[in-house]
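Below is one structure, written out as structure tokens, with a few remarks after it.
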Ligand code: CMC
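Residue numbers (our numbering): 48 to 419.
If you want it as structure tokens, here you go:
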């Protein structure tokens, strides 16, 4: 077998066709719409509908998806019991992975095929928001609460976490991050979902696997990891001293770099503008000093740009969210992109089965046990 075909990390390998997102150096489109356009004009619910149906919803269709999200939001007592019984020190992403899998046993959608899976995607989207909020409340010694009618998906998650109708700016910013996180073509977690789908497995299995892939700090876990890094500093000067040393030691800096974007991530640019406004509004300039102390040498000396996770970590932090909610919120959004890819893969499927180059021992004989 030719070694020329081997590409570590599948870098540069085309593993499929998709009509869901176009991710190129200078371009990010969901179903043909530029991310900047969607981010300024559409809510997460509209984007979710777009990803799952290939078209933006009419007013009636939008109401339809909102009604379904509302219908599917209440958690069954079995899920709440399981959340209560999960050890307190279990990381939120692990809880979410297990609960999504467990929720699959109570799938309210009957039947198989494209329409059933599209419905199932909305059910899981709604359940994931509610699971995150219920676990958050239990961890804080509070009982989970029922959803409140009429809130957006973003506002509902905040409401079910805190028990108060959220500040409109907080709801708007969470909604924006849900829009920005919703889809990004053949990234590691989406590819995981597609591989699982390609075996003709089910949507819940694909989403459960994708959550496991997203959790890692090289992928979705980077929003928490980036904020953990910023939390080590009390001033821009401290951050500057650290990054000088880190770069000299060739350390990885979380929230920077991307396999596709080598000159910047559109999503990071969109969110960074909002983050700066928020920090000024809250009088949190020190956080911006720290943020920029890391960002400046990464961009200007290393030419490695922030990805969406870098501004997202600090945005969530300034909104008062605890670190271990950050990657689960990524899941709360990306479930829509994963599901769209599941539908696409199911319609035109061939099982994924790449090759490897064997680099192990030459063929050898099994020696008797007393000779080993
Ligand atoms: N900090 C320091 N150096 C970096 C970084 C970074 N964050 N990212 C890339 N580099 C260096 C890397 O060490 C390599 O240097 P050299 O050529 O000297 O060995 C060069 O840049 C090329 O990087 P790469 O490792 O070939 O890039 P990759 O395409 O394999 O990996 C990545 C992409 C995103 C995993 C990587 O940039 C990284 O680990 N970033 C930090 C984690 C992170 O922020 N992940 C979020 C990704 S985007 C959104 C999401 O999925 O959540």
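The beta carbon of each residue, even a glycine, is placed where N, CA and C say it ideally should be. Remember, it's a predicted structure, so these values are computed and weren't measured experimentally.
Sequence-distant residues of its chain with Cβ nearer than 8 Å to residue i (five each side left out)
i           : result
residue 317 : 82, 83, 86, 223, 227
residue 53  : 404
residue 72  : 307, 308, 309, 310
residue 147 : 171, 174, 175, 178, 251, 254, 255, 258
residue 127 : 181, 191
residue 144 : 255, 258, 259, 262
residue 419 : none
residue 158 : none
residue 374 : 139, 140, 261, 262, 267, 268, 270, 271
residue 115 : 166, 169, 170, 173
Residue i versus residue j - alpha carbon distance
i           : j           : result
residue 362 : residue 368 : 9 Å
residue 330 : residue 142 : 35 Å
residue 95  : residue 205 : 19 Å
residue 210 : residue 321 : 25 Å
residue 68  : residue 221 : 21 Å
residue 248 : residue 286 : 46 Å
residue 107 : residue 63  : 34 Å
residue 291 : residue 271 : 22 Å
residue 140 : residue 313 : 26 Å
residue 197 : residue 264 : 35 Å
residue 355 : residue 411 : 50 Å
residue 277 : residue 118 : 39 Å
residue 305 : residue 229 : 17 Å
residue 186 : residue 366 : 19 Å
residue 413 : residue 406 : 19 Å
residue 189 : residue 91  : 28 Å
residue 180 : residue 417 : 58 Å
residue 339 : residue 259 : 31 Å
residue 385 : residue 237 : 5 Å
residue 303 : residue 357 : 7 Å
residue 133 : residue 273 : 27 Å
residue 279 : residue 289 : 9 Å
residue 343 : residue 153 : 49 Å
residue 299 : residue 351 : 11 Å
residue 294 : residue 163 : 50 Å
residue 347 : residue 337 : 16 Å
residue 428 : residue 65  : Summary: the structure shown does not reach residue 428, with the chain confined to residues 48 through 419, and so no result is reported for it.
residue 109 : residue 194 : 19 Å
residue 60  : residue 282 : 42 Å
Boundaries of the beta strand (DSSP E) in which residue i is found, first to last residue
i           : result
residue 68  : 68-71
residue 318 : Per DSSP, residue 318 belongs to no beta strand (DSSP E); it is in the alpha helix (DSSP H), 313-329.
residue 74  : 74-77
Boundaries of the alpha helix (DSSP H) in which residue i is found, first to last residue
i           : result
residue 122 : Premise fails: residue 122 is in no alpha helix (DSSP H) and is neither H nor E.
residue 100 : 91-100
residue 139 : 139-150
residue 270 : 269-277
residue 287 : 283-295
residue 177 : 161-186
residue 242 : 235-245
residue 221 : 215-228
residue 206 : 200-209
residue 255 : 250-261
Close Cβ partners of residue i (< 7 Å) along its chain, the five nearest in sequence each way excluded
i           : result
residue 392 : 241, 244, 245
residue 213 : 202, 205, 206
residue 104 : 93, 96, 112
residue 218 : 199, 201, 202, 205
residue 138 : 371
residue 381 : 228, 229, 236, 261
Residues of its chain near residue i, where Cβ-Cβ distance is below 6 Å and the 5 sequence neighbours each way are ignored
i           : result
residue 387 : 67, 98, 99
residue 275 : none
residue 253 : 240, 243, 244, 389
residue 76  : 69
residue 101 : 78
residue 341 : 286, 290
Those residues which DSSP pairs with residue i across a bridge
i           : result
residue 303 : 353
residue 80  : 77
Proximity test, residue i beta-carbon vs the ligand MN heavy atom, cut-off 7 Å
i           : result
residue 343 : Among the ligands modelled here, namely the ligand CMC, the ligand MN does not occur.
Query - Uninterrupted alpha helix (DSSP H) stretches inside the segment 328-410 (no shorter than 4 residues) - result: Listed in chain order, they are 332-347, 356-365, 373-394.
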